[in-house]
Each structure stands twice: as C-alpha cells, then as structure tokens.
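Visitor:
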Amino acid sequence: MTSFLPASLANWPEHPRVRRLNEGPIGSGGRYVLCWLQQALRARDNPVIDAAVRLGNELGLPVLVYHGLREDYPFASDRLHRFILGASRDLAIGCGQRGLACVQYVDRAEKREKGLVYRLAVDAAALMLEDQPAFVAQWQAERVAAKTGAAVFAVNAACLVPPAALDQGVGTTSAFRRRHEKARELWWFWSDEEPAVGPYDGPLAYKPDRLGGLSDAALDGLLASLAIDHALAPSAMLPGSRDEVLVRLGRLTREVLPAYAEARNNASRPEGASTLSPYLHFGVVGPREVMAAIKASDVAEGSQQKFADELLTWREWFHYKARAMRVPESYVRVPNWARGQLERHAADPRPELETLGALVHGETRDETWNACQKQYLVDGWMHNNLRMYWAKRIIAMTPDPHIGWATACYLNDRLSLDGRDPSTYGNLAWAFGDAAPGYRDNPIYGLVQTRTDRSIRERPGGPEWLSKAAARPVPRLIVPEHLPEDPYVSEKLPI
Ligand SMILES: Cc1cc2nc3c(=O)[nH]c(=O)nc-3n(C[C@H](O)[C@H](O)[C@H](O)COP(=O)(O)OP(=O)(O)OC[C@H]3O[C@@H](n4cnc5c(N)ncnc54)[C@H](O)[C@@H]3O)c2cc1C
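By UniProt numbering, the letter at position 148 of the sequence shown is numbered 148, and the numbering carries on one by one without gaps.
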C-alpha cells in the first residue's frame, strides 16, 4: 500500500505526488503553512490540503487555506464564476468543519488586491499549491515559485495515481492502461490528515472575503457586481456545490452504472452519463472518492470496470500526456502525420464553412451539430457521444486546421464547465487525428478519420430528439472578431 503522501519532510522531493518547485527554505519563522488552492476545491480527500497539514504538524504550525477568484482569467463568465463561487463556499465550510482556516478573495472593482499569494507567502513556512498541467495554473505556479522566498511544493490532487508514479514515456493508451491498472491498487487508501494545531487566526496580509457564511442570494449579488461576461448564465443543470456531487454519486450507483454499458453512447438517455466531469475538473470531488462510492455499492463488476476505464484510464491518460508537454493546449500536439494531412488539404473548397457567430450560437446548417453545440451553450456540458461528432465537424466548418483547432478550444473552454482541462485538449487532439489513420483520402480531412451523425440520427426516436435539441432557445453572446491568441500561455496573468 502506497501512502498518498510522503512520511516525512526529508523524502518530499522524491514522492510521486509532490514536486518541489524551488529551493526556498522550509519553516524559517513562518506563521502558517500556506495552502493555495487553484482548482481542487474540496476540503476532504484533498492531497494538497493534506500535504499542508502534514507539514504543518511537523513544524507545529497551523495551515491557512487560500482561494482567490480573479475577474480577468480567460473566459471569465457568470457560468464559470458562479460554479466556482458555490464550490469555494463549500470548501470554506468543509475546512471549518475540519479545523482549518480558509480565506478567500473575490477580485472586484471596490476591492482590488495585488499579488495576494506573494503577500500571504511572506508569512508562510512553506507554500503548497497544485500540480496542474493545463490552463493558467501551471504558469502561475512557476511564477510564484520563482519569485517567492518560501519553499514551494506542487501536489497532484487531480489523479488517483499521480503521473510521476508511472513509467515515463508510455506511448499508447493500452500500454498506459496496463501500467495504470497495476498501479492503482496501491493508491486506494486514504485518510484525511488531522491538524494538530487549531485554525490560524493571526494577522493576515489583507482583509479576507469569507464565502462560507454567504447565502445563494448573496453569491448571486456578488456575481452581478463583477466585470465578467454576464451573457453566459450559470448552468441550471450543473450548480457548483458539494451537495450536487453527493446527489450525482447516489445517482451514479443507483441509475447510471446499471445501464452504463448500453446507455452510455446514447445522448437521449439521461441515465447514460454521470455528469461528474465539471465537479472533477474543479476538484469538488476527486477520482478516489468516486471510485470508493462505486466500490461500496452493489454495482456489478463489469459496469464498475467500464466506468473505471473512463474515469481512471482515459482521464488520467490525458493528465499523464499533458504533464509531458509544455503547452498541452497547442495544436502542435496533434501528431505530425495528421497535421500534414490536414494542412495538405487546407486549401480545399469548404462548402460548409460557418461564421464564428453561427458556431457559437448553434445556428449552422447542420442540425445535429447545432443540437450538440446547444448543450455546451445552454447546459455548459455535452454528452460524450455528441462531442466526437461536434469536434470532427469543426474541421470542415472553419477556414483551415489551425483556425479549426483554435475554434474548438475556444468553444469548449468558453462554454463548457469541464473545459480548460487535460481531457479537453487530449480529446480534441483525437478528433484532429491523434488516432489510427483512415483508409480514404477525403477532401479537407485527408486520412484523418471523419464521423457521420448516423449513430445519433438512426436510433429509435433519434430524429425527434435531435430536432428538439437543435431548437432550444439560446442566449446571445458577444462574439469576438478574432479568436483570442494563446489565452493559455500568459506571462501576464496576475496572481
Ligand atoms: C471532442 C471532445 C472534447 C472533450 N472535452 C472534454 C473536456 O473539456 N473536459 C472533460 O472532462 N472531458 C472532455 N471530454 C471527454 C468526455 O466526453 C467527458 O469527460 C464526458 O462526456 C463527461 O461527461 P460525464 O461526466 O457524464 O461522463 P461519464 O461517461 O459519466 O464518465 C465519467 C468520467 O470519466 C471521464 N471520462 C469519460 N470519457 C472520457 C474521455 N473520453 N476522456 C477523458 N475522460 C473521460 C470523465 O472524467 C467523466 O466525468 C471530451 C471528449 C471529446 C470527444
């Protein structure tokens, strides 16, 4: 049995879940161990918090959990912000119940704070943050580690098996699956670290927000006061809260898994999907807790295995791959042969070209595609089976493969609650050709495989379901004239 965390400080740089990001000294005169959560917004079963507690206990110091939400991260909208605010509120409540202080900061015109993590780190014996390979977190972590005097550790909270625990350089999903299946048995064990020191209540570098005590109405009021995209409303289907996770875990074992094998590919059957991906993306729940709920139920072994293959093999494969890339969001991750095919056909006539506005609003000439897109636009989530058709078709609906890739990332990341994730770019890369080549040299795609909507349309009730889904009313969003350039790799994003 491998512990989720190292036994003592001396081993920390060698533990697969923990990476030391700088040579700053540990402990010299700090008031607390700072635990900066960027994405893993849960109070329990959280390796970042537990690493901080373990270090705090060794040093005889309390832990200070910090979560900040800025107005200016890429794609900030009511949808993303409201989900995060709800999750952060529950994080604070959970930390309180665990005997940990949790302070927050919601960036807004009347309360502008600069460099808060740096300022909080001045009083820290060490800083624990998250080892996240995609979107803004990795760049922020690097900058903090370079600029702060405190010791900085990055802890993997997203995966059951931390990528560093596996052989490096594994090239195929089947080889990864074999290694992962063998390794996962070592990582099931979990027990939250108990803090030996009471909650930190000493001086702070700023006057914190405390979301733990706020009602839904107060969070809504706060949201309305922010300078973010208000046209993209919160998702009624996917509210950000721990309670929603618990509802979904109950539904997963009672309704979803018994039918998973046959219903999983059918978007018209709501029991075919767990809808857990946004909660996993924002870390409101971790994969270990999901699997523990399944293992404790009487779900048949075969269904457990099928689900584990999605949640553990596929999801963690994309985390593993992203970790080995400097910019996992980049089009260059698509294999050379596939880019070569797409680029060879870049000048082919594109009779199905659509404007960005038509794509965003699901108002193209393709009814099936519109039905897919409206799930992203209205619900902030799309069924797995639809995502495959949706992504493949973007290649034909945009002027060239580079713009196609940027468009797919933009739609996925702006609208979907689970976007901006290693799974986003890994799956988009699959659609753009990170798979076996096909046999026919098609216009626009070359040997990159295409996908039709036959399997969706030809199901019993398929056409009726599609026309209803494509006719859903949608909000009107502001659409930029040009796609944002590299919204991910920003040296400028404030912290
Ligand atoms: C083009 C395309 C884009 C995608 N974009 C995203 C994305 O932005 N974020 C995201 O989390 N997933 C993405 N996926 C993967 C998958 O479609 C979603 O994870 C899944 O549909 C989420 O719904 P669910 O939680 O109900 O899934 P379920 O079927 O209930 O599966 C349970 C969990 O397994 C994991 N999982 C399932 N399928 C995959 C997969 N193909 N790859 C990786 N993990 C998987 C997810 O964590 C999911 O929550 C994408 C797939 C495609 C084809």
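Yeah, the Cβ is synthetic: ideal placement off N, Cα and C, and Gly gets one too.
A quick note: this is a predicted structure, and the numbers were derived from the prediction, not measured.
1) Taking the continuous beta strand (DSSP E) assigned at residue 128, which residues delimit it?
2) So residue 267 and residue 383 are in contact, right, with Cβ under 8 angstroms, and what is the actual spacing, rounded?
3) What span of residues does the alpha helix (DSSP H) with residue 318 cover, start to end?
4) Entirely within the stretch 244-324 and at least 3 residues each: give me those beta strand (DSSP E) ranges in chain order.
5) For the stretch 397-432, which segments carrying the alpha helix (DSSP H) assignment without a break, of at least 4 residues, lie completely within its bounds, in sequence order?
6) On the CB-based measure, 16 or more other CB atoms within 10 Å of its CB, does residue 473 come out buried or exposed?
7) Rounded to the nearest angstrom, how far is the Cβ of residue 250 from that of residue 149, given a contact under 8 angstroms?
8) What residue range is occupied by the uninterrupted alpha helix (DSSP H) comprising residue 95?
9) Using only the alpha-carbon positions, how far apart do residue 400 and residue 343 sit?
10) For the beta strand (DSSP E) containing residue 439, name the first residue and the last one.
11) With a cut-off of 8 angstroms on the beta carbons, I'd call residue 66 and residue 34 a contact; round off their distance for me.
12) Might you give, ordered along the chain, the residues of its own chain that have their beta carbon closer than 6 angstroms to the beta carbon of residue 252, omitting 5 neighbours on each side?
13) So is residue 301 buried or exposed if we call it buried at 16+ other beta carbons inside 10 Å?
14) What does a CB cutoff of less than 6 angstroms around residue 285 pick up in its chain, not counting 5 residues either side in sequence?
15) DSSP on residue 471, reduced to helix/strand/coil?
16) Could you tell me if residue 15 is buried or exposed, where buried requires 16 or more neighbouring beta carbons within 10 angstroms of its beta carbon?
17) Can you pull the DSSP bridge partners for residue 210?
18) Run the CB neighbour count on residue 172, radius 10 Å, all protein chains shown included, and call it buried at 16 or more, exposed below.
19) Less than 6 angstroms between C-beta atoms, sequence neighbours within five positions excluded: which residues of the same chain meet that for residue 420?
20) Distance check for residue 104 and residue 213, CA to CA, integer angstroms please.
21) Grab the span of the alpha helix (DSSP H) containing residue 136 for me, first residue to last.
22) Is it buried or exposed, residue 456, if we count other Cβ atoms within 10 angstroms and call 16 or more buried?
23) Enumerate, from N- to C-terminal direction, the unbroken alpha helix (DSSP H) stretches of 4 or more residues contained entirely within the stretch 14-80.
24) Between the Cα of residue 192 and the Cα atoms of 22, 54 and 464, which residue gives the shortest distance?
25) Enumerate in chain order the residues of its own chain whose CB-to-CB distance from residue 398 is below 6 angstroms, with the five nearest sequence positions on each side excluded.
26) Name the DSSP bridge partner or partners of residue 111?
27) Beta-carbon within less than 6 angstroms of residue 287's beta-carbon, same chain only, minus the 5 sequence neighbours each way: which residues are those?
Guide: Looking at the atomic coordinates:
1) 124-130
2) 4 angstroms
3) 315-323
4) none
5) 401-415 and 422-431
6) exposed
7) No, residue 250 and residue 149 are not in contact; Cβ-Cβ is about 46 angstroms, not under 8 angstroms.
8) 78-97
9) 8 angstroms
10) Segment: none, residue 439 is in no beta strand (DSSP E) and carries neither H nor E.
11) 6 angstroms
12) 274
13) exposed
14) 245 and 279
15) coil
16) buried
17) DSSP, once it has assigned bridges, lists no residue as partnering residue 210.
18) exposed
19) 135 and 413
20) 12 angstroms
21) Premise fails: residue 136 is in no alpha helix (DSSP H) and is neither H nor E.
22) buried
23) 47-59
24) 54
25) 404 and 407
26) 108
27) 160 and 311
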